[in-house]
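Structure first, then comments.
As structure tokens, this is what we get:
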């Protein structure tokens, strides 16, 4: 029990950025070993995201992201670029200030976000595979008939852009 | 023998109430929706509301006077082409500067003009359940936030912001599959009470009377039953209206439009006795899905702000005899 509590505490400290480098390294290697800790890590971030009203990613986001990342070309940077440039030094305080400002903005957004909790995600919808355009003129008549029957008589009959995308059959 | 199911039932109820502590019971939900409907009818107010729909944002002025059993309402668009309606009791007068005016309005459709919610409480609660989310401010007023969660995957959730004091719907939002706002109505400014200038109730455009009709519960016309076998419609959707349409310049072609509603959203089914130019299959724009099913000499086209599977199920439910 005690061990579990301290694990959670360490993980929580890591999440809040309260650990120094060595401690963080230790917890990260622990995290990489333990499936339980990884689950907690994901769950806590999900809770945090929903408290902040961030939209939840689709469950297969990581898989899709990883596969896209693998597909990215590897950029081979010439060694020469690594040489220290005098401008860099000047940039450091500037970027530091920028990141402080960014944190300030993030906090402000966090504080003023609506208190409504983000609801649980819906069933996963697979991304449409676009193959061709649907003729907008042919759809227009159906759309205005539908709008007329379904909607407020004052809303515009048609959207400004009519761009129906075909979807692959699931 | 009798006890056992009861114990199981109570255990089940306990578990389900723990899982969804903020869910409203059916009587609570009915009471809430009825309160919103009543408030939308019986409250005097003047305000401006915003309507976002796909890539469109429009603003409207709305004034309602409800005094001594008398109801008057006027609503006009503030941007884009002038559009206006004036309502006295159940009689509507309308003006559209940009489109040819539909001279017949459906009663069920008029019951959903913002800030009304729906008049079919039973239908809505058959397909959705109400959950309280919290509190927020809308147009400077305190509102309780509720969500209508669909009981199945055939429709999208809706969120409601209800004014604490009056029960008036201050904001409503339909969410898409990725929880993005698909359609939002929201008061941006609202003053409750009848203290406004009565001139605000006078139409500013040359409005024309509009006939209100109800086609609820009517049987299918034009021998549709004998031509089409309709079965396994998506659950919760009720036929609301049947219209026969003749496409422009094609006098011989009669397209049947059947409008189905679950109390909140509508789905149109078009039965066309010809093969149309549209590509068969599923297509979407935002949260609006279109499904075209081609058959020899016949086409079924389904359109609605429901998930793709729902329009597909609708299309599959219609088969020529």
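Residue numbers (my numbering), protein chains in the order written: chain A, 29 to 198; chain B, 4 to 324. A virtual CB, placed ideally from N, CA and C, is assigned to each residue, including glycine.
- Per DSSP, reduced to three states, the secondary structure at residue 168 (chain A) is helical.
- Below 8 Å, enough C-beta pairs join the stretch 39-50 of chain B and the stretch 160-175 of chain B to call them touching: three or more.
- With respect to residue 190 (chain B), residue 50 (chain B) sits close: the two C-beta atoms are nearer than 7 Å.
- According to the DSSP assignment, residue 59 (chain A) belongs to no beta strand (DSSP E) but to the alpha helix (DSSP H) extending over 49-61.
- Ranked by Cα distance from residue 91 (chain B), the first of B:56, B:41 and B:213 is B:213.
- Chain A places no beta carbon closer than 7 Å to that of residue 125 (chain B), leaving this residue out of the contacts.
- Boundaries of the alpha helix (DSSP H) harbouring residue 94 (chain A): 89-99, taken from the DSSP string.
- Residue 277 (chain B) is bridged by DSSP to nothing; it lacks a bridge partner.
- When Cβ-Cβ separations below 7 Å define contact, residue 214 (chain B) makes no contact with chain A.
- The CB of residue 130 (chain B) never comes closer than 9 Å to any CB in chain A; the least such distance is about 15 Å.
- In this structure, B:98 is the residue among B:36, B:27, B:83 and B:98 with its C-alpha nearest to the C-alpha of residue 209 (chain B).
- Residue 56 (chain B) is classed as buried because its beta carbon has at least 16 other beta carbons within 10 Å across all chains shown.
- Of the residues B:155, B:203, B:299 and B:151, the one whose Cα lies closest to the Cα of residue 178 (chain B) is B:151.
- Flagged as an interface residue toward chain A: residue 244 (chain B), by a C-beta distance shorter than 7 Å.
- Residue pairing by DSSP puts residue 54 (chain B) in a beta bridge opposite B:61 and B:188.
- Of all alpha-carbon atoms in B:206, B:118, B:96 and B:88, the one lying nearest the alpha-carbon of residue 39 (chain B) is that of B:118.
- Annotation for residue 312 (chain B): the continuous alpha helix (DSSP H) segment containing it runs 311-320.
- When only Cα atoms are considered, residue 260 (chain B) and residue 37 (chain B) end up about 30 Å apart.
- Check the Cα spacing between residue 129 (chain B) and each of B:279, B:238 and B:285: the tightest is with B:238.
- Across the structure, residue 141 (chain B) and residue 149 (chain B) are spaced so that their CA atoms are roughly 13 Å apart.
- When rounded, the separation of the alpha-carbon atoms in residue 204 (chain B) and residue 68 (chain B) is 8 Å.
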